[in-house]
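Protein chains in written order, with this note's numbering: chain G, 1 to 346; chain H, 1 to 346; chain V, 1 to 346; chain F, 1 to 346.
4 protein chains.
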Amino acid sequence: MGEVHINSDVNHYESKLNGSAIKKATVADSKNSSRRCLWFEEEIEEDLRWVFSVSKILHTGVSDYQDITLLESGPFGKVLILDGKLQSADADEFVYHEALVHPALLYHSNPKSIFIMGGGEGSTAREALKHRSVKKVVMCDIDKEVVDFCKAYLISNREAFKSNRLQLLINDARAELEEREDKFDVIIGDLADPVEGGPCYQLYTQSFYENILKPRLALGGILVTQAGPAGILSHEEVYSSIYNTLRQVFKYVIPYAAHVPSYSDSWGWVMASDEPLPKFSIEETDIRISQRVIGDLCFLDGETLGATLALNKVVRRSLAKETHIYTEETARFVHGHGTAQKLISK
Amino acid sequence: MGEVHINSDVNHYESKLNGSAIKKATVADSKNSSRRCLWFEEEIEEDLRWVFSVSKILHTGVSDYQDITLLESGPFGKVLILDGKLQSADADEFVYHEALVHPALLYHSNPKSIFIMGGGEGSTAREALKHRSVKKVVMCDIDKEVVDFCKAYLISNREAFKSNRLQLLINDARAELEEREDKFDVIIGDLADPVEGGPCYQLYTQSFYENILKPRLALGGILVTQAGPAGILSHEEVYSSIYNTLRQVFKYVIPYAAHVPSYSDSWGWVMASDEPLPKFSIEETDIRISQRVIGDLCFLDGETLGATLALNKVVRRSLAKETHIYTEETARFVHGHGTAQKLISK
Amino acid sequence: MGEVHINSDVNHYESKLNGSAIKKATVADSKNSSRRCLWFEEEIEEDLRWVFSVSKILHTGVSDYQDITLLESGPFGKVLILDGKLQSADADEFVYHEALVHPALLYHSNPKSIFIMGGGEGSTAREALKHRSVKKVVMCDIDKEVVDFCKAYLISNREAFKSNRLQLLINDARAELEEREDKFDVIIGDLADPVEGGPCYQLYTQSFYENILKPRLALGGILVTQAGPAGILSHEEVYSSIYNTLRQVFKYVIPYAAHVPSYSDSWGWVMASDEPLPKFSIEETDIRISQRVIGDLCFLDGETLGATLALNKVVRRSLAKETHIYTEETARFVHGHGTAQKLISK
Amino acid sequence: MGEVHINSDVNHYESKLNGSAIKKATVADSKNSSRRCLWFEEEIEEDLRWVFSVSKILHTGVSDYQDITLLESGPFGKVLILDGKLQSADADEFVYHEALVHPALLYHSNPKSIFIMGGGEGSTAREALKHRSVKKVVMCDIDKEVVDFCKAYLISNREAFKSNRLQLLINDARAELEEREDKFDVIIGDLADPVEGGPCYQLYTQSFYENILKPRLALGGILVTQAGPAGILSHEEVYSSIYNTLRQVFKYVIPYAAHVPSYSDSWGWVMASDEPLPKFSIEETDIRISQRVIGDLCFLDGETLGATLALNKVVRRSLAKETHIYTEETARFVHGHGTAQKLISK
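Here you go:
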């Protein structure tokens, strides 16, 4: 993410408007101001709130699926909010997106074609496109407004959006995969958490993985999906269930996790394949990165990958013991409420 | 206050920017959104907060004296914030401004010349200019940025700002009154509360009233000043002291109060003069208003004036017993911190 | 309200428990503590919160009808909370209860028998019993737990609870009035606001007033009821409707209001009778109080009564224009959710 | 932590008090209640708050050094609060305490004598005493009230407090170590974060480590200290500096970290010794634990230890580049304010 054009323009417009040049400031952000007075409040759980100061509302919109907001926050820089839930923050979005994309691409022998379910923000495509081997990235997001919004306002992803290796589709990823006949080396699930009424929970079910996604994986293909909170107190909301569900469908399944500060929790991802996934040493991983990836990674390297793959005893045990399988009937949800349901229930 | 031009323009600009027309929405304000997520928090006391949802930050600025913010709020419409304290809300600013201006002007036999200390927002001038008899309104605010800000963004005061009966001065009201030699029929104190380090507390002192303000009142002239919170639990912060201070300086002093919802409290004003102030019946007041005031008043009429003049037993007793006199040495403050002090202490 | 026994006992118990005497403190209340950290949050509206610091939870309970909590608050001393809504605060409960009880009793030529609908806290009975003429106060509250709770913990009402002039009934006030055959000089509605699912909204309907309550009023009898928020922005929630509903049922109806700080709003009451209600001068009222009331009133006197009876122009106009009549089908509610409904819907 | 005696007693007492048995409930915790209304708010940074619901204040106290509070929280069970900062929560205190204690004791060839700086809560002693080899644990906390408080209210630490292998001293750890002449195999720093005015920052300085602590380490002795937040956005507050400071004093220094949910961040610890610290395989670690530790560990095992030792690229780079050395003059602080300073400044 980065500088947002609209803002400089607005300022420009204003200074024309006022005879006098009003000194610009963000809310309670000036040297003068005695205390913060504007706050964003995310309800992590019904009894737990993550609250940070806001100095600017950079942009807001609403789609058929979600409310969209871009804020300038005190602790995390620019933050993208969908349906009142923080999706991505300037300060640490690289952690989530590097962890989502690079392990699967590094584990694949030669990833040429990538399919991104969701990912409207563009950051996941940005990371995938860093791989020299990648010839085609198909990004399929259902929400045109979110995509247009991020295209317009997230400068750090502009290049990715312009890449001729990127095919951008506005469609339900499920329907898209059902219709297509080509196969992909890596399919990446960069979807919103399964929240009640959200647009995404059908993309975490056994039948979807089995009947729709798996047929679209090429030989040796790898699926990786974000899998919700993975903290010691939160990993049983959906993470352990998504892991166990993938174990019903794929021969080899690898869960991993990392702490994402702006999410106020550890976060989980799961890789899955029917081919054995290699184990690299720290050094081997670092060499692969240097050979395959254009430019530097901020978060991921050999040692970091090792850390994300090593889950603590509490989480490991729950994952091993998990029996819940994610189906449309037995769906589990993280706290929060989507908007699609409301639209449907109209 | 009213519609803010910049906004429609921004929207216009955006719809040009985006190929696709992003549906506009304010934060968590759309039909879809499940809960409010952006909040303004005013610290009324260290242990008491007044918190309302915000859907838009319409504009922000900073002056040498104050932080300036214009918000679109959930419960109160547009609200003007100075140094983190709500100054004025679309929903009920008319209560404060009608109560501040009209009683003194109605009590005066023939108010021609008005001097407003502060009042940069423009609403006080707007109310004063409603009086047919008024030939000249001198509005003297120290903060050019606030005045420019309100001129630019508070449409409902635009006419007042354009009136040829209005003289707008950027100066310290104290210095201005000291230099001037002309006299005024009514002097109105529309100043920020006396907060520690704020720009205004020197304009509530006995010596100021005695030596600087009083000489500028014409024969039969009336001073009226806003006097801070006047609730049963808050009136001893500054209201009772301002009242008692004026009693040291003027022969006739009348305190009055009304509940202003967006302030989350009752508010106090004090009128003072060396000429006896008339007692009008409800009917006489209504007749005066119809004869003198152009257009309708929303809040004030004969019965309302009677209600604002009748203080409850608790407040009346404290006022009668108050011995504190407001001097620069003994200044009392409402909770909050101004910015001027910080500048000075640099 | 007042000192709560349990506390001293707890302290006593603790000092026995610990070899060492731990210095007592309330949360973040000690000289040392740098900032408040425990807060009570009342949701006034979905987009408006009233938040104050809490230093102690003095007691909690739950009845079939309501959650009950007694807190030690920063700004308001002890506060009684029912279903998350502040009911009564040490700092200003006298405003609400004096305004509820005394005007009707003063207007009545010779009030001997009083019926209180609700009033489980005991403060309303306490005020009624101050009248020398009163021989019998029947207090009928549906919630035994609340009554037992307040009996046990609100010392300032202990005397009232012990008075042999008080008859305490645990019953639905509606059922009780339906069954009874005796009549009362004054019936007082000290009921919770009509909130969706709350136990009380049926006691604000035209049919209840017409068919059940009115027959229980003696000749010249007066009904007075609390009537919810009466602020410029809130009086149309239920106040104007309750007023208009009573106008359908009684010949003479008088609305009045006063600001109650701990409610963060002005509050409304309505008196109604089929006999003309007298107009007293300030002096006549003061004389009546001195003749009839044992001891001092803190809030109400002649001038205060005048102020509460004089509504501002905004509220007066809405009341005059209000056409909504409160029936079980057309019930209006203040923001909030009761618990009775939940029990029922089980 | 665990069941708190006082409570059952209070309930007992109450049911005696009231004729009727008031059903017990915690604040807004009952099935009935529609929303949380009591909240604990920790200011993580000036612009970031961690807010969770509270159902009971189990106990409060104040010492010469800190405010002490034990709360029943919604998301974390019982939480111990010192000076408004969450110290320890039922739900996950085992993560912090196992990570603090066991790595150093496992790395030591044969740990017999342990010195705990601080640790008044008792959980650190509890973990150390799980090691069969440990003959003596000296726990030295400056705050008698905190120790008495935890002794009285944290049942899960009662056994540890009663152990005859535990020597409990009330003294400044610095002074204590200065006076003593015996040496220890492991010295554990379980101190409050260095906050401005807090009691502890002098125990993180180079001179303290060099001149006072190191001489008290036996041959092959290991120091381990908690080292504050270690998240990608927070590790430069004090963690990197404590690490770099220890590198000036010890030959071998190992930083490690783990996410502690109730702290809303990853947390850091640092081990240091002048003898090389061994590298164990996952299996070797698991064997050591089974041989040395009585009973099970909840969080730590071979794989978990590996994960905590593997820092991500961002943190590793900052640690490598850190040049700041922690001295009394150059002290860095985490956000927050202690109380000792206030006492001193009196």
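Backbone N, C-alpha and C define an ideal beta-carbon position, used for all residues, glycine too.
Taking a contact as a CB-CB distance under 8 Å, the pair V:ALA128 and V:LEU105 counts as one, their CB atoms being some 7 Å apart.
Annotated three-state conformation of H:THR225 is strand, per DSSP.
The Cβ atoms of H:VAL51 and V:ARG49 sit closer than 7 Å to each other. Between F:LEU319 and G:PRO261, the C-beta spacing is not below 7 Å. Judged by DSSP secondary structure, V:VAL62 falls within the beta strand (DSSP E) whose first and last residues are 48-62. Residues GLY122, LYS151 of the same chain have their beta carbon placed closer than 6 Å to that of G:PHE161, with the five preceding and five following residues left out of the count. Within the stretch 152-181 of chain F, ALA152 place their CB atoms closer than 8 Å to a CB of chain V, listed in sequence order. The DSSP-derived three-state label of G:PHE94 is helix. If you draw a straight line from the Cα of G:GLU181 to the Cα of V:GLU42, it is about 56 Å long. Cα atoms of V:GLU275 and H:VAL249: separation of roughly 50 Å, rounded to the nearest angstrom.
Put simply, the stretch 253-272 of chain F touches the stretch 301-311 of chain F. At least three CB pairs are less than 8 Å apart.
Burial is judged here by how many other beta carbons sit within 10 angstroms of a residue's own beta carbon; H:ARG36 has at least 16 and is buried. G:ILE325 and G:ASN211 have their C-alpha atoms roughly 15 Å apart. Of the candidates H:LYS135, H:ALA230, H:ASP265, the residue whose Cα lies closest to the Cα of H:ARG165 is H:LYS135. Collapsing the DSSP output to three states places G:LYS279 in coil. The beta carbon of V:GLY119 sits no closer than 7 Å to any beta carbon of chain F. Flagged as an interface residue toward chain F: V:ILE57, by a C-beta distance shorter than 7 Å. About 7 Å separates the beta carbons of H:LYS78 and H:LEU58, which is inside the 8 Å limit, making them a contact pair.
Taking a contact to require three or more Cβ pairs closer than 8 Å, the stretch 85-99 of chain H and the stretch 293-304 of chain H qualify as touching.
If you check each beta-carbon in the stretch 43-57 of chain F against every beta-carbon of chain V, the ones closer than 9 Å belong to GLU43, VAL51, VAL54, SER55, LYS56, ILE57. Under the 10 Å beta carbon count, H:LYS251 is surrounded by fewer than 16 other beta carbons and is classified as exposed. In the DSSP assignment, G:VAL138 falls within the beta strand (DSSP E) that extends over 136-141.
As DSSP reads the structure, V:SER73 sits in a beta bridge with V:VAL54, V:GLY77. Of all residues in the stretch 282-302 of chain G, only LEU297, CYS298, PHE299, LEU300, ASP301 place a beta-carbon less than 8 Å from a beta-carbon of chain F. Of all residues in the stretch 205-236 of chain F, only GLY231, ILE232, LEU233, SER234 place a beta-carbon less than 8 Å from a beta-carbon of chain G. DSSP places V:LYS85 within a strand segment (E or B) once states are collapsed to three. Looking at F:TRP39, F:LEU38, F:PHE40, F:ILE44, the one whose alpha-carbon comes closest to that of F:GLY336 is F:ILE44.
Three or more Cβ pairs closer than 8 Å define a contact, and the stretch 107-116 of chain V meets that threshold against the stretch 173-189 of chain V.
For V:THR323, the number of other beta carbons within 10 angstroms of its own is below 16, and it is reported as exposed. In this structure, F:THR304 is the residue among F:THR304, F:TYR263, F:GLU196, F:PHE333 with its C-alpha nearest to the C-alpha of F:ILE282. The C-alpha of H:LYS112 lies about 5 Å from the C-alpha of H:SER133. Proximity of G:THR69 to chain F, defined by a Cβ-Cβ separation below 7 Å, is not satisfied. Looking at the backbone, the Cα of F:LYS130 and that of F:GLY295 are separated by about 7 Å. Secondary structure at G:SER264: coil, using DSSP grouped into helix, strand and coil.
Under the Cβ distance rule, V:THR304 counts among the residues neighbouring chain H, one pair being separated by less than 7 Å. Unbroken alpha helix (DSSP H) runs of no fewer than 4 residues, entirely contained in the stretch 98-172 of chain H, are found at 123-128, 144-153, 158-162, following chain order.
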